[in-house]
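Colleague: Here's a structure for you.
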Amino acid sequence: MARSLFGTDGVRGRANTAPMTAEMAMRIGMAAGQVFHRGAHRNRAVIGKDTRLSGYMLEQALTAGFLSVGVDVFLLGPIPTPAVGFLTRSMRADVGVMISASHNPYEDNGIKLFGPDGFKLSDAVESEIQSLVMKPSDLVLADAAAIGRAKRLDDVQGRYIESVKASVPRGLDLSGLKVVVDCANGAAYKVAPTVLTELGAEVVRVGVAPDGFNINGNCGSTHPGVLQEQVVAHHAHIGIGLDGDADRVILVDETGRVIDGDQFMATIADQWKQRGLLAGGGLVATVMSNLGLERHLQERGLKLVRTQVGDRYVLERMRADGFNLGGEQSGHIIMTDHATTGDGLMAALQALCALIRCDRPASEFFRAFEPVPQLLKNIRVADATAALDAVSVAKAIASGEERLGKGGRILVRKSGTEPLIRVMAEGDDSELVRSVVDQIIDAIPRQAA
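First residue of the sequence shown: 13, per our numbering; consecutive thereafter.
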């Protein structure tokens with residue numbers, strides 16, 4: 013079956029518009045509950061969410077779906093996505109759900125599913141759930157006496173905070189470090205400042221007043237301008253920018269310059285190799301990561317394994333090949349020694365731990381390599397598949413590849429989370445890269461979006 017419901021990171025769309033309606037959420041709950049109904053014990057699901065207004069609606073609909081097929085539900089409230097993975101496994105739940113559209117604006121929402129091991133689902137399991145969603149006659153309702161129960165848990169943030177702190181050495185003391193943290197008015201607006209404060213840092217808080225509408229609104233990892241300004245204004249040592257569900261992070265050095273996921277991974281890989289902690293002989297990243305990262309690793313005898321875009325694909329490759337570090341340029345950082353998915357807060361703590369150990373400013377320490385000029389542009393279209401199939405696009409890509417030569421790279425793909433086509437090129441000549449990207453953008457049919 014074609015994966016028309018699930019994208020690269022669960023189900024996502026505009027709230028109250030298909031597929032992100034209450035009816036569809038209820039069916040997803042029913043289908044997931046049936047797929048993960050294991051044995052005669054009381055099966056259970058945990059449901060977390062970020063701070064979007066539509067989270068209330070989807071939370072109730074998912075709960076109704078799970079209860080109707082005999083699955084008990086534990087409601088976690090606003091909590092980061094990695095906390096759901098952690099609590100699914102910690103609470104011995106059969107399935108975990110995070111209601112979030114990650115870095116998207118509040119108008120969107122999404123549903124991410126986790127298996128009992130705390131990891132995101134494989135394509136095969138998602139397809140099984142999709143089959144049931146699309147054919148509700150195959151869903152089996154529980155007998156009246158077997159309908160599930162729902163309960164809201166009050167101590168989940170404390171559990172997650174302790175697990176995050178346990179990911180760094182017990183003696184870590186952030187005293188003397190001034191940190192600006194931007195929580196994107198999202199799921200980590202309480203837990204992130206709390207963790208940093210409890211470890212001794214002086215914390216300047218940004219994006220910690222969610223109102224249902226302002227998640228990711230000119231703040232967080234995808235809009236770092238305010239974070240950059242605050243770091244400089246407060247003479248902070250470093251800034252931490254999370255996205256709406258806190259599974260990704262970007263850093264800002266003391267000069268206000270952004271440190272992306274590639275620089276982060278390069279720095280941590282160097283540190284872990286020196287300390288004998290790096291598994292797999294390198295790291296896993298996606299096709300979006302900069303060529304400079306690949307060259308940096310090669311110079312140090314390390315390898316870069318690339319996957320398609322999506323942190324779940326990075327994680328699958330890491331688990332299959334024995335890597336313990338991977339991620340995306342956008343800031344999804346996965347450390348399988350500590351978490352089952354990308355965890356922005358845990359990654360930030362690893363960065364702070366390394367920064368204290370090196371006793372150098374962030375602007376020097378996290379500049380591991382000089383990036384190759386890279387440009388990414390997005391274009392919104394009505395039908396991305398049809399647009400990419402156009403002969404004009406194929407010709408423009410072929411021409412661009414010839415112009416860039418062996419020292420460059422082009423990637424044209426449709427987004428797995430938004431109705432966009434993403435055009436990326438990189439090479440040693442920045443003007444040539446810009447020209448190639450614009451040439452491909454011009455070749456994409458201008459359909460009504």
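Backbone N, C-alpha and C fix where the C-beta goes; we use that ideal spot for every residue, glycine too.
To which residues of the same chain is alanine 437 closer than 8 Å at the C-beta, ignoring the five residues directly before and after it?
Modeller: The beta carbon of alanine 437 lies closer than 8 Å to those of Gln386, Leu387, Gly412, Leu416, Gly420, Arg421, Ile422, Leu423, Val445, Val448, Val449 and Ile452 in the same chain, with the five residues before and after it left out.
Colleague: Return yes when the Cβ of arginine 164 is within less than 8 Å of the Cβ of leucine 87, no when it is not.
Modeller: yes
Colleague: When we look at the beta-carbon of phenylalanine 464 and count the other beta-carbons within 10 Å, is it buried (16 or more) or exposed?
Modeller: Any answer about residue 464 is impossible in this case: the structure gives the chain only from 13 up to 461.
Colleague: Among Arg434, Met358 and Val403, whose alpha-carbon lies nearest the alpha-carbon of alanine 95?
Modeller: Met358
Colleague: Could you have a look at glutamate 214 and say whether DSSP puts it in helix, strand or coil?
Modeller: strand
Colleague: Mind checking which residues open and close the alpha helix (DSSP H) that includes methionine 38?
Modeller: 34 to 47
Colleague: Name the one or two DSSP bridge partners that threonine 319 has.
Modeller: Thr298
Colleague: With H, G and I counted as helix, E and B as strand and the rest as coil, what does DSSP make of proline 457?
Modeller: In the displayed model, proline 457 falls within coil according to three-state DSSP, outside both helix and strand.
Colleague: Taking Cβ positions, are threonine 298 and leucine 327 nearer each other than 8 Å?
Modeller: no
Colleague: Contact between the segment 377 to 397 and the segment 428 to 443: three or more CB pairs below 8 Å?
Modeller: The segment 377 to 397 is in contact with the segment 428 to 443.
Colleague: Mind checking whether alanine 281 and leucine 309 have CB atoms under 8 Å apart?
Modeller: yes
Colleague: Sort Gln320, Met277 and Tyr325 by Cα distance to alanine 366 and report the nearest one.
Modeller: Met277
Colleague: Once you ignore the five residues that flank valine 243 on each side, which residues in its own chain have a CB closer than 6 Å to its CB?
Modeller: Val192, Gly251, Val264 and Gly268
Colleague: Taking the alpha carbon of glycine 338 as the reference point, which residue from Gln320, Ala380, Arg379 and Gly294 has its own alpha carbon closest?
Modeller: Selected option, being the one with the closest Cα: Gly294.
Colleague: If we require 3 or more residues per run, which beta strand (DSSP E) segments fall completely within the segment 315 to 377?
Modeller: 315 to 319
Colleague: Where DSSP assigns a beta bridge to asparagine 2, which residues make up the other side?
Modeller: Residue numbering for the chain in the displayed model covers 13 to 461; residue 2 lies beyond these limits and cannot be assessed.
Colleague: Starting from the C-beta of cysteine 195, find all residues in its chain whose C-beta is less than 6 Å away, skip the five residues before and the five after it, and write them out in chain order.
Modeller: Tyr201, Ala204, Gly219, Val220 and Leu254
Colleague: In whole angstroms, what separates the C-alpha of valine 10 from that of asparagine 230?
Modeller: The displayed coordinates of the chain run from 13 to 461. Any statement about residue 10 would go beyond what the structure contains.
Colleague: So, does the segment 51 to 60 touch the segment 14 to 27, judging by three or more C-beta pairs under 8 Å?
Modeller: The way I'd put it, the segment 51 to 60 doesn't touch the segment 14 to 27; fewer than three beta-carbon pairs between them come closer than 8 Å.
Colleague: By the DSSP assignment, the beta strand (DSSP E) with alanine 436 in it spans what residues?
Modeller: Going by the sequence as given, residue 436 is methionine instead of alanine. 432 to 438 is the extent of the beta strand (DSSP E) around methionine 436.
Colleague: Assign methionine 13 to one of three DSSP states: helix, strand, or coil.
Modeller: Residue confidence is low: methionine 13 scores 39 on pLDDT, short of 50, so the model does not pin down where it sits. Its coordinate-derived value is still stated next. Coil, per DSSP.
Colleague: Going by DSSP, which residues form a beta bridge with glycine 89?
Modeller: Gly60
Colleague: Do valine 109 and isoleucine 159 have their C-beta atoms closer together than 8 Å?
Modeller: No, the pair does not count as a contact, with Cβ atoms beyond the cut-off.
Colleague: Shorter than 7 Å, the distance from the beta carbon of leucine 388 to the closest heavy atom of the ligand HEM, or not?
Modeller: Only the bare structure without any ligand can be found here, which leaves the ligand HEM out of the picture.
Colleague: What runs of the alpha helix (DSSP H), each 4 residues or longer, lie entirely inside the segment 153 to 229?
Modeller: Counting only runs of 4 or more, we get 168 to 177 and 203 to 210.
Colleague: Are any of the Cβ atoms in chain C nearer than 8 Å to that of isoleucine 252?
Modeller: The chain inventory of the structure shown lacks chain C, comprising one protein chain alone.
Colleague: Just verifying my parser: in three-state terms, what is the DSSP assignment at aspartate 274?
Modeller: helix
Colleague: Assign lysine 426 to one of three DSSP states: helix, strand, or coil.
Modeller: strand
Colleague: Rounded to the nearest angstrom, how far is the Cβ of alanine 43 from that of leucine 151, given a contact under 8 Å?
Modeller: 7 Å
Colleague: For glycine 183 and glycine 439, I'd like the C-alpha separation in whole angstroms.
Modeller: 43 Å
Colleague: Return helix, strand or coil for valine 384, following the three-state DSSP convention.
Modeller: coil
Colleague: Going by beta-carbon coordinates alone, are glycine 198 and valine 261 separated by less than 8 Å?
Modeller: no
Colleague: Tell me whether glutamate 71 is buried or exposed, calling it buried when 16 or more other Cβ atoms sit within 10 Å of its Cβ.
Modeller: buried
Colleague: Sorted by chain position, which residues of the same chain lie with C-beta nearer than 8 Å to proline 148's C-beta, five sequence neighbours on each side aside?
Modeller: Arg39 and Met42
Colleague: Determine the DSSP secondary structure at glycine 463, reduced to helix, strand or coil.
Modeller: Nothing about residue 463 can be reported from this structure: the residues present for the chain run from 13 to 461 only.
Colleague: The alpha helix (DSSP H) with aspartate 135 in it runs from where to where?
Modeller: Taken as a continuous stretch (DSSP letters only), the alpha helix (DSSP H) holding aspartate 135 covers 135 to 146.
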